[in-house]
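Number of protein chains: 2
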Amino acid sequence: MQEEISHFVEKTTNAIADSYRLKILLTLSQKGEMYCGEVQQLIGLSQSTCSHHVAILIESELVESKKEGKFHKISLNRENFKKLSAFFQELS
Amino acid sequence: MQEEISHFVEKTTNAIADSYRLKILLTLSQKGEMYCGEVQQLIGLSQSTCSHHVAILIESELVESKKEGKFHKISLNRENFKKLSAFFQELS
DNA sequence: TTAACATATCGAAAAGTTTCGATATGTTAA
DNA sequence: TTAACATATCGAAACTTTTCGATATGTTAA
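Chains S and V are the protein sequences, given in the same order.
Everything in the first sequence is counted per the UniProt record's numbering, starting at 1 for the first residue and increasing by one.
Everything in the second sequence is counted per the UniProt record's numbering, starting at 1 for the first residue and increasing by one.
Here it is, written out as structure tokens:
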């Protein structure tokens with residue numbers, strides 16, 4: 001359990017610790033959801049790089065993806081931010 | 001201000017996102033404080049590598065260092081964990 | 001003052017991450 | 001069915017991080 005939370009924190013903080021990915025998270029928080037194409041517009045890197053950053057966010061379980069035909073709609077997994085918040089509160 | 005918090009979050013999550021550094025933080029939370037030598041015992045890497053990890057934690061301002069003669073005593077900066085917790089709460 | 005100890009810094013090797021363009025796969029609209 | 005579009009994957013270059021041993025610096029005790 002202590003083991004599990006460490007792994008969770010390591011994985012999620014790693015996903016957050018990049019300026020482009022943090023920007024995606026903050027924008028998702030505001031907008032609620034985005035398509036991958038909008039992410040590309042937002043961060044201004046190549047399509048493959050955007051795909052890579054989105055994949056890391058999904059891998060970390062901070063972001064969820066839902067297929068809508070040929071689009072992939074992404075949104076925050078707010079439960080996991082709650083979990084992170086609680087973890088840091090314990091350290092504070 | 002929004003700018004500043006992003007920078008803070010990026011820097012601190014980067015510091016946390018390493019299993020050795022997370023272990024140091026969790027141990028500091030329990031014990032309150034540690035000397036660098038104890039950190040070395042805890043994580044079992046070379047002295048120079050421990051020094052490097054501790055330096056990253058101090059740089060991030062999640063950890064504070066106080067010189068006590070030839071020892072350096074480190075402890076958590078709990079205010080900054082509070083700040084992190086609040087940031088993630090906003091995203092949740 | 002010098003020996004012993006705690007910590008920091010340096011330089012280099014190994015490992016990991018970011019980025020890209022090219023190409024593959026999956027989906028829809030014509 | 002095919003063209004067009006959205007996203008994923010691949011392979012490689014550039015960059016960054018982790019780790020070490022060696023050495024430097026700062027502090028105390030003898």
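Quick reminder that beta carbons are idealized off the backbone N, C-alpha and C, glycines included.
Going by C-alpha distance, which of V9/V, S19/V, L91/V and L76/V is nearest I58/V? On the second sequence, position 58 is the one that residue 58/V refers to. It is L76/V.
Checking contacts by CB at 8 Å: is F88/V closer than that to chain S? Start at 1 with the first residue of the second sequence, and residue 88/V comes out as number 88. Judged by the 8 Å Cβ criterion, F88/V is in contact with chain S.
Integer-rounded CB distance, given that A15/S should sit under 8 Å from I56/S: Working through the first sequence from its first residue, we reach residue 56/S at position 56. Working through the first sequence from its first residue, we reach residue 15/S at position 15. The pair is a contact, with the Cβ atoms about 5 Å apart (cut-off 8 Å).
Leaving aside the five residues before and after E33/S along the sequence, list all residues of the same chain whose C-beta is less than 8 Å from its C-beta, in chain order. As a working mapping, residue 33/S is identified with position 33 in the first sequence. The beta carbon of E33/S is closer than 8 Å to those of K73, I74 and S75 in its chain, skipping five residues each way along the sequence.
Please go through the region 2 to 72 of chain V and give each complete beta strand (DSSP E) segment of 3 or more residues, from N-terminal end onward. If we require 3 residues or more, the beta strand (DSSP E) runs fully inside the region 2 to 72 of chain V come out as 63 to 68.
Looking at L62/S and the ligand SAH, is the gap between the Cβ and the nearest heavy atom below 7 Å? Inclusion of the ligand SAH in the displayed structure is not the case, the ligand content being empty and no account of it being possible.
Have a look at E90/V and H7/V and give me their C-alpha separation to the nearest angstrom. Position 90 of the second sequence, counted from the first residue, corresponds to residue 90/V. Position 7 of the second sequence, counted from the first residue, corresponds to residue 7/V. Distance between the alpha carbons of E90/V and H7/V: 16 Å.
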